[in-house]
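Residues in the sequence shown are numbered consecutively from 4, following our numbering. One structure is given here, and the rest of the page talks about it.
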Amino acid sequence: MNMITNHLPTAELQRLDAAHHFHPFTDKAGLAAKGARVITRGEGVWLTDSEGHRILDGMAGLWCVNIGYGRKELAQVAARQMEELAYYNTFFQTTHVPAIALAAEIAKLAPGDLNHVFFAGSGSEANDTNIRLVRRYWDVKGMPWRKTIIARWNGYHGSTMGGGSLGGMKPIHDHGGKIDGIEHIDQPYWWGEGGEMAEDDFGLARAQQLEEKILQIGPDNVAAFIGEPIQGAGGVIIPPKTYWPEIQRICEKYGVLLIADE
4 MNMITNHLPT AELQRLDAAH HFHPFTDKAG LAAKGARVIT RGEGVWLTDS
54 EGHRILDGMA GLWCVNIGYG RKELAQVAAR QMEELAYYNT FFQTTHVPAI
104 ALAAEIAKLA PGDLNHVFFA GSGSEANDTN IRLVRRYWDV KGMPWRKTII
154 ARWNGYHGST MGGGSLGGMK PIHDHGGKID GIEHIDQPYW WGEGGEMAED
204 DFGLARAQQL EEKILQIGPD NVAAFIGEPI QGAGGVIIPP KTYWPEIQRI
254 CEKYGVLLIA DE
């Protein structure tokens with residue numbers, strides 16, 4: 004059976020799914036009662052399910068289908084690359100042309116002196132790597148005690164053990180706990196939590212929680228601060244314009260690394 008182009012009835016697809024597919028981030032009781040929606044096609048911003056219903060994909064997959072579905076030019080380029088060199092690693096003093104070209108292009112687009120690229124297979128994997136990178140950075144600097152990373156409640160940085168620990172979503176922490184050396188401060192959600200405060204004042208107040216947390220832990224123990232420039236999964240929260248400049252000022256004051264997660 005060709006699993007890409009098969010036209011099995013929806014009920015049979017749902018039966019196979021229920022028998023063999025363990026879904027992430029899903030209410031298992033609801034899934035068992037209703038069965039999964041089976042997506043069969045994507046074009047532009049639209050999805051089609053196995054019953055022929057057309058659905059506007061407001062989430063862009065999981066925030067990652069930024070140029071739409073069904074891009075034939077990307078499929079053609081991917082097919083050519085699969086024929087030429089489907090995969091090779093970049094361990095052990097080895098590289099390949101796509102990695103070289105993509106790293107150079109990203110460096111050209113990135114601001115300032117952000118000139119080096121480390122590739123990962125997902126955002127979760129990238130943030131697990133960030134934990135290791137910042138702790139190794141301080142090891143090399145001769146300050147191995149600087150290990151604590153500060154993040155924000157209701158932030159999302161992935162679903163692996165490291166990324167889920169950085170994220171501030173408590174239900175994720177309930178699945179196995181979070182790793183040591185991660186602290187959280189409040190999110191800059193003025194619309195929902197600002198009360199009577201002016202937006203700019205609220206932005207400064209929430210940013211200054213970072214300084215309070217650094218002083219509580221001890222500046223010499225803090226490795227980095229991580230945050231989403233705009234919180235996605237937490238509610239598409241756009242911080243006040245005063246927030247990030249104050250965060251950057253505080254990080255520079257205490258020598259804390261600043262990680263912008265997308």
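Backbone N, C-alpha and C fix where the C-beta goes; we use that ideal spot for every residue, glycine too.
>> Quick check on the DSSP output: the beta strand (DSSP E) that includes E186 runs from which residue to which?
In response: Within the sequence shown, the letter at position 183 stands for residue 186. First-last of the beta strand (DSSP E) with E186: I185 to I188.
> Apart from the five residues just before and just after T245, which ones in its own chain have a Cβ nearer than 6 Å to its Cβ?
Replying inline: Reading the sequence shown from its first residue, position 242 is the one you call residue 245. D203, G206 and L207, listed in sequence order.
> Does DSSP classify I175 as helix, strand or coil?
Replying inline: Position 172 of the sequence shown, counted from the start, is the residue given in the question as residue 175. Reduced to three states, the DSSP call for I175 is helix.
> Cβ atoms of R40 and W49: under 7 Å apart, would you say?
Replying inline: On the sequence shown, residue 49 is found 46 positions in, with the first residue counted as 1. On the sequence shown, residue 40 is found 37 positions in, with the first residue counted as 1. No; because the gap between Cβ atoms is not below 7 Å, this pair is not in contact.
> So the alpha helix (DSSP H) G165 belongs to, where does it begin and stop?
Replying inline: Against the sequence shown, residue 165 aligns to sequence position 162. In the DSSP assignment, G165 falls within the unbroken alpha helix (DSSP H) covering M164 to L169.
> Which of helix, strand or coil does DSSP assign to M4?
Replying inline: As a first step, residue 4 must be located in the sequence shown, where it is residue number 1. Note on M4: pLDDT 45, under 50, position unreliable in the model; the coordinate value appears next. Collapsing the DSSP output to three states places M4 in coil.
>> For P191 and I109, what's the separation of their Cα atoms in angstroms?
In response: In the sequence shown, residue 191 corresponds to position 188, counting from 1. In the sequence shown, residue 109 corresponds to position 106, counting from 1. Cα to Cα, the separation comes out at about 29 Å.
> Is the beta carbon of L260 sitting closer than 7 Å to the one on A227?
Replying inline: Residue numbering aside, residue 260 sits at position 257 when the sequence shown is read from its first letter. Residue numbering aside, residue 227 sits at position 224 when the sequence shown is read from its first letter. Contact flag set, yes.
> Mind pulling the alpha helix (DSSP H) runs of 4 or more residues that sit fully within the stretch 124–165?
Replying inline: As far as the stretch 124–165 is concerned, its whole alpha helix (DSSP H) runs of at least 4 residues are 126–143.
>> Quick check on this structure: which residue in W194, L77 and E231 has the alpha carbon closest to the alpha carbon of N157?
In response: Position 154 of the sequence shown, counted from the start, is the residue given in the question as residue 157. Closest in alpha carbon position to N157, among W194, L77 and E231, is E231.
> Exposed or buried, which one is T8 when buried takes at least 16 other CB atoms within 10 Å?
Replying inline: Along the sequence shown, one-based indexing puts residue 8 at 5. Low confidence applies here, because T8 scores a pLDDT of 49, under 50, leaving its location unreliable; read the following figure in that light. When all chains shown are included, T8 counts as exposed.
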